[in-house]
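To start, the structure itself, in structure tokens.
There are 2 protein chains.
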Amino acid sequence: MDMRFEIRVASANDCSEILKLIKELAGFEKQPDAVILSEEELVKSAFSENPWVFVYVAEIENKVVGMALYYYGFSTWKGRSLHLEDLIVNEKYRKLGIGKALMNQVIQVAKSENVERMSWEVLDWNEPAIKFYESLGTEFYKDWWLCRLFKEQLEKL
Amino acid sequence: MDMRFEIRVASANDCSEILKLIKELAGFEKQPDAVILSEEELVKSAFSENPWVFVYVAEIENKVVGMALYYYGFSTWKGRSLHLEDLIVNEKYRKLGIGKALMNQVIQVAKSENVERMSWEVLDWNEPAIKFYESLGTEFYKDWWLCRLFKEQLEKL
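Here it is, written out as structure tokens:
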């Protein structure tokens, strides 16, 4: 099989494949039911007239095998920033450099958009990822906890 | 002094006071030069025709003494989410319940906007804040590291 891959901007036609990647990963993390994002919401957010969510996909022989999804956040210190929300490569296509290529693509966007800061999160046990991020000159903030309130709980407040 | 406070939606006129709060806190954290956000960028992001950053302020006798700033993010599992970027109360006005009132205001926005998830970050040593967030039913994700690449480094990649 030809393992050459291509990175390109995603289109609305890719949404079902993108969602498949998201759900596969959630299944792998033993939380298959945690994904409530619908194709409709993804299309609306990323491929409407005024998109505010952006996606690149990696393709091998016209098959979507990876994706990176980002949006713009706002830092009270740095102003507009780029937040990489998720980067997924299908299990069968790991170690081909696809993850690095997707990351590099988003870095180029951050540069061309002239943001002062690009941010993302990594699990503290994910050593290969951490090593790669380190090689880029990433600063790690290990003494912060992510806090989340979900709808069910919000409704009680 | 009358310590009754009021929480209200911020306006463009509040930007210099909001920026002052941000800079005071950065000074307190011994990083006074880290704030490069300008009043102009804050106005453009939060008070233009199409704002995408939102701010509430706390006022005592017409003086801005606190603020909460948030924007909308996107979770690949949950879709549109509300991200509380910063919540600051001027040192002299702590322990009056202003922080809790600002937090509660943003929670009400998250509810009325019907988001599936509200998120923010807390320093792991900030016990009073953590206790308060716990009381709300917050889930903490302690095994994630925040990763950041700043412009100077991005330019080398």
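Protein sequence lines correspond, in order, to chains A and F.
For the first sequence, the working numbering begins at 1 and goes up steadily by one.
For the second sequence, the working numbering begins at 1001 and goes up steadily by one.
Where a beta carbon is used, it is the ideal one built from N, C-alpha and C, also for glycine.
Just so you know, these numbers come straight off a predicted model, no measurement behind them.
| task | Determine the closest residue to F/M1067 out of F/G1137, F/G1073, F/R1008 and F/R1004, with distance taken between C-alpha atoms. | result | As a working note, residue 1067 of chain F is residue 67 in the second sequence. Checked all of F/G1137, F/G1073, F/R1008 and F/R1004; the closest Cα to F/M1067 is F/R1008.
| request: Return the residue from the list F/V1115, F/G1027 and F/E1152 that minimises the CA-CA distance to A/E152. | output: Against the first sequence, residue 152 of chain A aligns to sequence position 152. If we check each option's Cα against that of A/E152, F/V1115 comes out closest.
| said: I'd like to confirm something about A/A12: is its beta-carbon nearer than 8 Å to some heavy atom of the ligand FMN, or not? | reply: Absence of the ligand FMN is noted for the structure shown, with no ligands found whatsoever.
| request: Please report the residue range of the beta strand (DSSP E) in which F/S1075 lies. | output: Working through the second sequence from its first residue, we reach residue 1075 of chain F at position 75. Going by DSSP, F/S1075 is part of the beta strand (DSSP E) stretching over K1063 to S1075.
| Spatial distance of A/E17 from A/N104 (CA atoms) | Taking the first sequence and counting its residues from 1, one reaches residue 17 of chain A at position 17. Taking the first sequence and counting its residues from 1, one reaches residue 104 of chain A at position 104. Straight-line Cα distance between these residues: approximately 22 Å.
| Just to confirm, are A/Y72 and A/E113 a CB contact at a threshold of 9 Å? | Numbered from its first residue, the first sequence carries residue 72 of chain A at position 72. Numbered from its first residue, the first sequence carries residue 113 of chain A at position 113. Result yes, Cβ atoms of A/Y72 and A/E113 sit closer than 9 Å.
| request: For F/V1106, name the three-state secondary structure that DSSP assigns. | output: Here residue 1106 of chain F refers to the residue found at position 106 when the second sequence is read from its first residue. Here F/V1106 sits in helix by DSSP.
| message | Quick check on the burial criterion: 16 or more other C-beta atoms within 10 angstroms. Buried or exposed for A/K78? | response | Within the first sequence, residue 78 of chain A is the residue found at index 78, counting from 1. Classification of A/K78: buried, given that the 10 Å Cβ count is 16 or more.
| Between the region 1030–1044 of chain F and chain A, which residues of the former have a C-beta closer than 7 Å to a C-beta of the latter? | Cβ contacts with chain A: A1034, V1035, I1036, L1037 and E1041.
| Touch test, the region 78–94 of chain A against the region 20–28 of chain A, Cβ-Cβ under 8 Å, three pairs minimum | Enough Cβ pairs lie closer than 8 Å, so yes.
| request: Buried or exposed for F/L1123, please, with buried defined as at least 16 other CB atoms from any protein chain shown within 10 angstroms of its CB. | output: Numbered from its first residue, the second sequence carries residue 1123 of chain F at position 123. Label assigned to F/L1123: exposed.
| Contact set between A/Y133 and chain F, taken where Cβ atoms lie within less than 8 Å | Here residue 133 of chain A refers to the residue found at position 133 of the first sequence. Near A/Y133 (Cβ distances below 8 Å), the residues of chain F are C1147.
| task | Report the neighbours of A/L136 on chain F: residues whose CB is nearer than 8 Å to its CB, in chain order. | result | By 1-based counting over the first sequence, the position of residue 136 of chain A is 136. Listed along the chain, the chain F residues whose CB falls inside 8 Å of the CB of A/L136 are L1149, Q1153 and L1157.
| query | Using the rule of at least 16 other Cβ atoms within 10 Å of the residue's Cβ for burial, across every protein chain shown, is F/W1144 buried or exposed? | reply | For the purposes of this step, residue 1144 of chain F is taken as the residue at position 144 of the second sequence. Result: buried.
| request: Could you list which residues in chain F have their beta carbon closer than 8 Å to that of A/V122, in chain order? | output: Here residue 122 of chain A refers to the residue found at position 122 of the first sequence. Those are W1144, W1145 and C1147, listed as they occur along chain F.
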